[in-house]
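Chains Z and R are the protein sequences, given in the same order. In terms of full-length UniProt numbering, the first sequence has 110 at position 110, counting the first letter as 1, and numbering is strictly consecutive. In terms of full-length UniProt numbering, the second sequence has 438 at position 438, counting the first letter as 1, and numbering is strictly consecutive. Where a beta carbon is used, it is the ideal one built from N, C-alpha and C, also for glycine.
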Amino acid sequence: MILFIKVWRAMATNRSGAAQRPNGAPQTKVCQFKLVLLGESAVGKSSLVLRFVKGQFHEYQESTIGAAFLTQTVCLDDTTVKFEIWDTAGQERYHSLAPMYYRGAQAAIVVYDITNQDTFGRAKNWVKELQRQASPSIVIALAGNKSDLAAKRMVEFEEAQAYADENGLLFMETSAKTAMNVNDIFLAIANKLPKSEGTGAAAAGGARRLGDAEQARQGSCCK
Amino acid sequence: MDDDLPTDFQVIVVGTGMVESIVAAACSRIGKNVLHLDSSDHYGGLWASYNFDGLQKFIKEVNSDPKRQLQVYNLAEKWYIEKESAQDEKKEEGEEKPEEAKPEPGKKVWSQANFTAEYRKFNIDMTPKLLFSRGPLVELLISSNIARYAEFRCVTRVLTWLSDKLMPVPCSRADVFATEAVGIVEKRQLMKMLTSIVGYNEEEMNNEFKDWNDKTFKEYLAHKGLTPNLIHYVLYAIAGGTDTMPCLEGVKECKKFLMSLGRYGNTPFLWPMYGSGELPQCFCRLCAVFGGVYCLNRPIDKVQTLTVDEGKEVVTIESKSKTLKCDHLVIGINECPKDLISPEPAESSDISKAVFITNGSIMKSDKEPLTLLRFPPLNDGDHSVTVLEVGPATGSCPKGLFVVYFITNKVKDAESDLMGIAEKIFDMSGGDQTEETDKPKCLWSLFYNVKDTSAPVKSTTGAVHVCSGPDAGLDFDRAVEQAEQIFKKICPGEEFLPRAPDPEEIVFEDDVTHGPEFTRDQDDDDAPKE
């Protein structure tokens, strides 16, 4: 996979807060949230994000070099939700995911492959890990990916749904290949996230990212 | 489980301390094929931070393993509070309130059981360090774009110990003029002094200091006519020195302090959210993002170097009955087999450290403070002690508590070196936590010594690069400098951590044909439904 560099303009540090509109029209609230992906290798974590962010699917997706950090914006009625999406960058493979991965994450998608029972078992472990490591208020979604391969299904929809209900998780079966439910699962998460002032990535109030621009705070409009 | 671990790499890094992690990131970033291992189940080695449970395990492990005590020793943990609280209040753990919760009426009475129940809210650093706002690590984090993986808080104040009490140190021009601690004439003197130190160009520096090479900074400050009060501020608080600090070093330290003012906050310093132990992890993430393979819990048994054709060396590592091969091995000093180090590192003085958990700040403040205190030597010949106090807003501890770190060069042992100062700023007597006292109550303490392994170490072969352990200094500058040197040896001529692209810049090869636009109405959903 080849990466091209484009001139970068958008501030990556937009925080929750009202965007200014010069004409005094009603303001759109912009909330930024950190979303982490979890799940076994090869269940399609990166593919889900690529489908959501770029609208693409690669049959032979290699592990994502240099692209483990993407952003995408979802517009709700009165709020713009900007997802800052973190991919595991392969650190899950030998059980070496760093605690910093979970820091400040307000949402997580735990992915399994519906054609592989083991990945569902591992997904349950990831949910436990999140309950142990992440913020108690984190919104967790369970994604049964590769739903286009229903003929080879090993994990029943009802079984996963029952597990999700028991644990208070959002649940959908998705297909990064056909795009089924991909946008929907992100939208469902966006709807469930608390969007009051003082939530989002700025909840840490006063904690800051470092940047070229010393003034790292800036509003942004819904695109 | 990790049997499918590949075996051939260009670079293998062993240990996830600060220097090792920066080198791993730098090599991976420019396309080297990197494997990064650690023998323990967590990141950071001696640079790690622990939650309260992890810290208890660490103490137990070290105390029961004489081998570990070669690095960390004299661990003394002490509680000043009851096992169970008499109040027996059943507070739900994890009930997160937004930042500005209303001040609680009356002080909470903490028990050991409360600490255990809220263990996850603690992040206690083994190597707490600050960043200078314009120091090399901040510049590196920004230029490499690794900064996006971490968040920071500004240190809100710098304190000193003067006339037997804590005093704020005026940092900025505004501070200098606002402070009541120094008179108006002194203020002018101080401003003139500080402005000139920052303003000197190289020629002026050489002129001004040509006769001061073998004299102390204190002598210089006295020569400049500074009053004893001002000398105290500049020498101990700003330069972080002692009476014997050489003049030029003092000038350098002052300059570093002053140059970092005004970038992010009222002081020159930043503290990483959740502790210093996050920073090695940020570099590791970058390494992984660019293809680095991570495997914790992977001790190594044996390291050998072989010379293959044309003098080229190959390093082989035995690990869990697997043989790993690489062109370059980067290894933390504490993981490195002794026979690879040559010559033996010179004996250096070790480091004395302490951690305290208290029920209030060492000096009350309206907003939650984040404090650096450089405690001047109490007696002649003592070292100064660096004190860092961090609160709940940094993710270091639950609400109502503070974590305070002490760091100094070892003279006798950690407890004897540091207890005198602890007693000056804490109430170490235990007793009623609700009583109103000038000094915060110490609820828990840990004293320990660390072997100073921060001196650069040479290896017996050009294919093995040994990384130093943490030093007693305030910042990470030495680690950054060493990491860059090691990188340049492995990858001569290559750029050290060039900027990683932002999400918006990443365009995939076949980006030309865009996929369906995302809209709320899901009308793009032409997927076959089950």
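Within chain Z, Ala207, Arg208, Arg209, Leu210 have C-beta atoms less than 9 Å from the C-beta of Phe152(R), given in sequence order.
Ile184(R) counts as exposed, since fewer than 16 other C-beta atoms from the protein chains shown sit within 10 angstroms of its C-beta.
Counting C-beta pairs with one atom in each stretch, the segment 269-279 of chain R and the segment 175-195 of chain R have fewer than three that are closer than 8 Å, which means they do not touch. In the structure shown, Asp175(R) falls within a helical segment according to DSSP collapsed to helix, strand and coil. Gly45(R) sits in a helix when the DSSP states are folded into three classes. Using a CB distance cut-off of 8 Å, Val11(R) does not count as an interface residue toward chain Z. With contacts defined by Cβ atoms closer than 8 Å, Asp53(R) and Gly277(R) do not form a contacting pair. Our two residues, Ser429(R) and Glu40(Z), have alpha carbons roughly 51 Å apart in a direct line. Counting along the chain, Arg93(Z) sits inside no beta strand (DSSP E), nor does DSSP assign it H or E at all. Annotated three-state conformation of Tyr274(R) is coil, per DSSP. Three or more pairs of CB atoms, one per stretch, sit closer than 8 Å, so the segment 436-444 of chain R contacts the segment 65-83 of chain R. Secondary structure of Leu210(Z) (DSSP, three-state): coil. For Gln72(Z), the three-state secondary structure derived from DSSP is strand. Interface annotation for the segment 112-128 of chain Z against chain R: empty, criterion Cβ-Cβ distance under 8 Å. In this structure, DSSP gives Asn409(R) an extended state, which the three-state scheme calls strand. At least 8 Å separates the beta-carbon of Asn334(R) from that of Thr461(R).
The segment 194-208 of chain R and the segment 154-161 of chain R do not touch, with fewer than 3 CB-CB distances between them shorter than 8 Å. Assignment of Gln71(R) by DSSP, reduced to helix, strand and coil, places it in the coil class.
When 8 Å is used as the limit between beta carbons, Ala98(Z) is near these residues of chain R: Tyr43, Gln281, Cys284, Arg285, in chain order. Ranked by Cα distance from Met245(R), the options Ser28(R), Ile486(R), His383(R), Lys312(R) are led by His383(R).
Residues of the segment 136-152 of chain R that bring their beta carbon within less than 8 Å of a beta carbon in chain Z comprise Val138, Leu141, Ile142, Ala147, Arg148, Tyr149, Ala150, Glu151, Phe152, in sequence order. Close to Cys295(R), with beta-carbon spacing below 7 Å, are these residues of chain Z in chain order: Tyr94, Ser96. Across the set Asn206(R), Asn114(R), Leu474(R), the C-alpha of Leu474(R) shows the shortest separation from the C-alpha of Lys256(R). The beta carbons of Ile146(R) and Cys284(R) sit no closer together than 8 Å. Relative to Tyr200(R), the option among Leu258(R), Leu140(R), Trp161(R), Leu5(R) whose CA is nearest is Leu258(R). Excluding the 5 residues flanking it on each side, Asp477(R) has same chain C-beta neighbours closer than 8 Å at Phe132, Gly135, Pro136, Leu137, in chain order. The residue from Ser348(R), Val11(R), Leu248(R) with its alpha-carbon nearest to that of Glu202(R) is Leu248(R). Under the three-state reduction of DSSP output, Thr174(Z) falls in the coil class, being neither helix nor strand. For the segment 392-410 of chain R, the set of positions with a beta-carbon nearer than 9 Å to some beta-carbon of chain Z reads Ala393, Thr394, Gly395 in chain order. Under DSSP, Asn145(R) takes part in no beta bridge, so it has no partner. If you check the CB distance, Thr160(R) and Pro470(R) do not come in under 8 Å. Taking C-alpha positions only, Leu261(R) is separated from Leu190(R) by approximately 16 Å.
Assignment of Met180(Z) by DSSP, reduced to helix, strand and coil, places it in the coil class. Under the three-state reduction of DSSP, Arg51(Z) is assigned to helix.
Spatial neighbours of Tyr149(R) in its own chain (CB-CB distance under 7 Å, excluding positions within 5 residues in sequence) are listed in chain order as Cys282, Arg285.
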